[in-house]
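Q: Under this note's numbering, the very last position in the sequence shown is 658; numbers go up by exactly one each time. Don't be surprised by glycine CBs; every beta carbon is placed ideally from N, CA and C.
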Amino acid sequence: MTANRTIDVAARGGVSARPLYRAVGIGRRIRRYAIIFSALCLGALAAGQGRAADAVVTDLQSGISGNGARFALHLDRRVAFRLFTLANPYRVVIDLPEVGWQLPAKPLPGKQGVFNGLRYGLFRPGNSRIVFEFQHPVQVADAYVSPGTGSTAFELVIDAQRTTDDIFAASVAMPPREIAGLRPRGAAKPPAVAASSRLQSVARRTAALVAPANAAPVPAGGHAQVANYLPMPPRRPGGRPSAHRPMVVIDPGHGGVDPGAQSRHGIYEKHVVLALSREITRQLRASGRYRSELTRDRDVFIRLRDRVAIARKKGADIFISVHADSIRNSKVSGPSVYTLSEKASDKEAAELAERENKADLIAGMDLSHESADVANILIDLAQRESMNQSARFAGYLVSELGNKTEVLARPHRFAGFAVLKAPDLPSVLLETGFLSNRDDERRLTSKSYRRQLASAIVAAIDRYFGAVEQAKVRQP
């Protein structure tokens with residue numbers, strides 16, 4: 183519930199300067215309250231764009247038991263870092279300056295002993311993050327940077343020991359620990375994890391997904407660098423002037439420290455949906471009929487409420503959040519479309535919304551201090567009209583997707599997705615398929631299939647804005 187309240191309040195945080203394709207009057211009351219929220223939400227996003235990584239993480243080693251765990255990050259240079267803990271679940275969070283992640287193709291430490299798993303990536307421009315999650319409460323007994331040995335220049339070491347809930351709760355209440363000094367080497371090196379040839383293949387497939395279209399091929403064992411921009415294709419002659427073209431904002435789900443769903447073969451949702459979102463935006467721009475932007479164009483974490491704020495800042499006329507699911511039943515396949523409803527259409531839709539709404543929690547966000555004042559304007563007529571427009575577009579999208587591929591049974595579903603709660607912006611969440619299904623995984627990692635999906639989405643957008651134009655003509 184806390185995460186939902188966060189999104190509801192922040193949904194007011196930006197203003198669309200050009201609501202040409204919305205019903206007259208939608209959002210006027212909202213925008214009177216939005217200026218302050220807009221400045222707060224978007225000012226931070228603009229800072230630090232384009233900053234290059236200063237250091238590179240070259241390996242991560244671990245030693246885990248039932249009573250504790252020890253992790254060592256190998257770095258090519260010395261860094262300062264910040265450490266803090268979060269509850270529900272038990273987490274130890276390490277914030278670093280922005281770093282490059284060039285880990286070898288080997289399994290990451292998984293669920294064993296006290297440990298549950300880890301996530302890492304770019305948290306925001308200028309700031310990388312690694313989140314260690316535990317099955318039991320732990321206390322960080324030691325944390326330091328020391329000189330490495332051999333080809334390892336430096337090691338960042340974290341020692342965590344199992345403790346009581348009371349001691350863990352006390353550590354959560356403590357301010358973050360800033361660690362900048364260098365300790366002489368003396369700690370024992372944790373055991374390495376054996377490399378896997380299967381994961382080397384996964385690394386190459388992932389590199390192909392996240393690399394820009396004009397990038398050189400990535401060699402075996404190499405590491406792709408994610409593009410910091412999406413090149414603008416040449417505009418077609420005779421296209422409508424920019425001021426008269428709708429703005430379509432595409433939101434690639436997850437990113438950075440939040441990988442989203444994962445296939446059995448190690449393909450991450452965040453990479454698949456970024457590749458597809460780039461293709462959608464490319465086709466929209468190339469059509470000459472639309473302007474289009476991405477909420478993220480590289481592997482970076484963005485808070486749910488900031489995704490909506492970005493869309494508003496760019497003057498979005500429609501917002502499409504792109505995802506890929508993973509469930510236990512590997513036989514389920516096919517895309518589906520979700521629109522906002524306080525009451526879920528079915529149990530599966532409710533569970534999916536609950537998972538997606540936890541994205542900020544997964545990334546190590548502390549939501550306990552967010553305001554509980556849920557904006558009453560979310561019940562306003564503006565949102566009801568926006569929901570009607572969203573449902574209309576969802577119908578077009580399901581129809582066009584069905585022309586290209588086999589869609590999920592009951593493909594238009596409803597649930598309380600936090601990222602869809604902008605009260606004055608038609609929004610849908612597109613689940614492109616299931617990474618838990620072998621055929622969907624193969625399709626979603628195929629460039630030709632992503633082009634087909636993108637063309638179906640563009641066709642649905644054409645139908646939606648064509649209907650809007652006809653409705654405007656019929657107005658007295």
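1) Quick one: using the 10 Å Cβ neighbour count with 16 as the cut-off for buried, is residue 341 buried or exposed?
2) Rounded to a whole number of angstroms, what is the C-alpha to C-alpha distance between residue 235 and residue 581?
3) Report the CB separation of residue 613 from residue 518 in whole angstroms; it is logged as a contact under 8 Å.
4) Counting beta carbon pairs with one atom in the stretch 279–288 and one in the stretch 298–310, are three or more of them shorter than 8 Å?
5) In the structure shown, what three-state DSSP assignment does residue 463 receive?
6) Short of 6 Å in beta carbon distance, which residues of its chain neighbour residue 428, apart from the five on each side in sequence? Order them along the chain.
7) Check whether the Cβ atoms of residue 349 and residue 265 sit closer than 8 Å, and answer yes or no.
8) Can you name, in chain order, every residue of its own chain whose Cβ lies under 6 Å from the Cβ of residue 255, other than the five neighbours on each side?
9) Note down the Cα distance separating residue 501 from residue 585, rounded to an integer number of angstroms.
10) Might you give, ordered along the chain, the residues of its own chain that have their beta carbon closer than 6 Å to the beta carbon of residue 324, omitting 5 neighbours on each side?
11) Would you grab the beta carbon distance between residue 621 and residue 515 for me? Rounded to a whole angstrom, and I think it's under 8 Å.
12) Does the Cβ-Cβ distance between residue 481 and residue 448 come in under 8 Å?
13) At which residues does the alpha helix (DSSP H) containing residue 621 begin and terminate?
14) Buried or exposed: residue 347, going by 16 or more other Cβ atoms within 10 Å of its Cβ?
15) Leaving out five residues before and five after residue 642 in sequence, what residues of the same chain have Cβ atoms less than 6 Å from its Cβ?
16) Taking the straight line between their C-alpha atoms, what separation do you get for residue 220 and residue 497?
17) In the DSSP assignment, find the alpha helix (DSSP H) that holds residue 449 and state where it starts and stops.
18) Can the beta-carbon of residue 301 be found less than 8 Å from the beta-carbon of residue 461?
19) Going by DSSP, which residues form a beta bridge with residue 237?
20) Kindly list the residues whose CB is nearer than 8 Å to the CB of residue 636, restricted to its own chain and excluding five residues on each side of it in sequence; keep chain order.
21) Taking buried to mean at least 16 other C-beta atoms within 10 Å of its own C-beta, is residue 551 buried or exposed?
22) Span of the alpha helix (DSSP H) holding residue 351?
23) Just confirm the distance between the C-beta atoms of residue 267 and residue 354, as a whole number of angstroms; I'd bet it's less than 8 Å.
24) For residue 455 and residue 490, which I take to be in contact (beta-carbon distance under 8 Å), what is that distance rounded to the nearest angstrom?
25) Is DSSP giving residue 249 helix, strand or coil here?
26) Would DSSP call residue 644 helix, strand or coil?
27) Let me know if residue 233 comes out buried or exposed under the rule of 16 or more other beta-carbons within 10 Å of its beta-carbon.
28) Per the DSSP calculation, residue 429 is bridged to which residue(s)?
29) Is the beta carbon of residue 314 sitting closer than 8 Å to the one on residue 274?
30) Give me the residue from 260, 446, 250 with the minimum Cα distance to residue 322.
31) From what residue to what residue does the beta strand (DSSP E) around residue 341 run?
32) Between the beta-carbon of residue 246 and the beta-carbon of residue 294, is there less than 8 Å?
33) According to DSSP, is residue 298 helix, strand or coil?
34) Report the residue from 452, 433, 434 whose alpha carbon sits nearest the alpha carbon of residue 442.
35) Specify the secondary structure class of residue 585 as computed by DSSP and reduced to three states.
36) How should residue 257 be labelled, buried or exposed, when 16 other C-beta atoms within 10 angstroms of its C-beta is the threshold for buried?
A: Quick answer:
1) buried
2) Confidence is the limiting factor: at residue 235 the pLDDT is only 48, short of 50, which leaves the residue's position unreliable, though a coordinate-based value still follows. When rounded, the separation of the alpha-carbon atoms in residue 235 and residue 581 is 43 Å.
3) 5 Å
4) Touching, yes, given that three or more Cβ pairs across the two stretches are closer than 8 Å.
5) helix
6) Cβ-Cβ distances below 6 Å link residue 428 to 203, 472, 499, 647 in the same chain, with the five nearest sequence neighbours on each side left out; the list follows chain order.
7) Contact flag unset, no.
8) 239, 242, 338
9) 22 Å
10) 341
11) 6 Å
12) no
13) 620–626
14) By the 16-neighbour rule on beta-carbons within 10 angstroms, residue 347 is exposed.
15) 578, 579, 582
16) In this prediction, residue 220 has a pLDDT of 46, which is less than 50 and means its spatial position is unreliable; nothing more can be read from the coordinates.
17) Element bounds for residue 449: n/a, residue is neither H nor E.
18) no
19) 281
20) 458, 461, 462, 464, 465
21) Residue confidence for residue 551 is low, a pLDDT of 43 falling below 50, so the modelled location carries little weight and cannot support an answer.
22) 347–355
23) Indeed they touch by this definition, with Cβ atoms about 5 Å apart.
24) Between residue 490 and residue 455 the Cβ distance is about 17 Å, and since that is not below 8 Å, they are no contact.
25) coil
26) helix
27) Because residue 233 sits at a pLDDT of 47, beneath the cut-off of 50, its placement in the model cannot be relied upon, and the point is left open.
28) Answer is 473, bridged to residue 429.
29) yes
30) 250
31) Unbroken beta strand (DSSP E) run through residue 341: 336–344.
32) Going by C-beta atoms, residue 246 is nearer than 8 Å to residue 294.
33) strand
34) Among 452, 433, 434, the Cα nearest to that of residue 442 belongs to 452.
35) Three-state result, residue 585: helix.
36) buried
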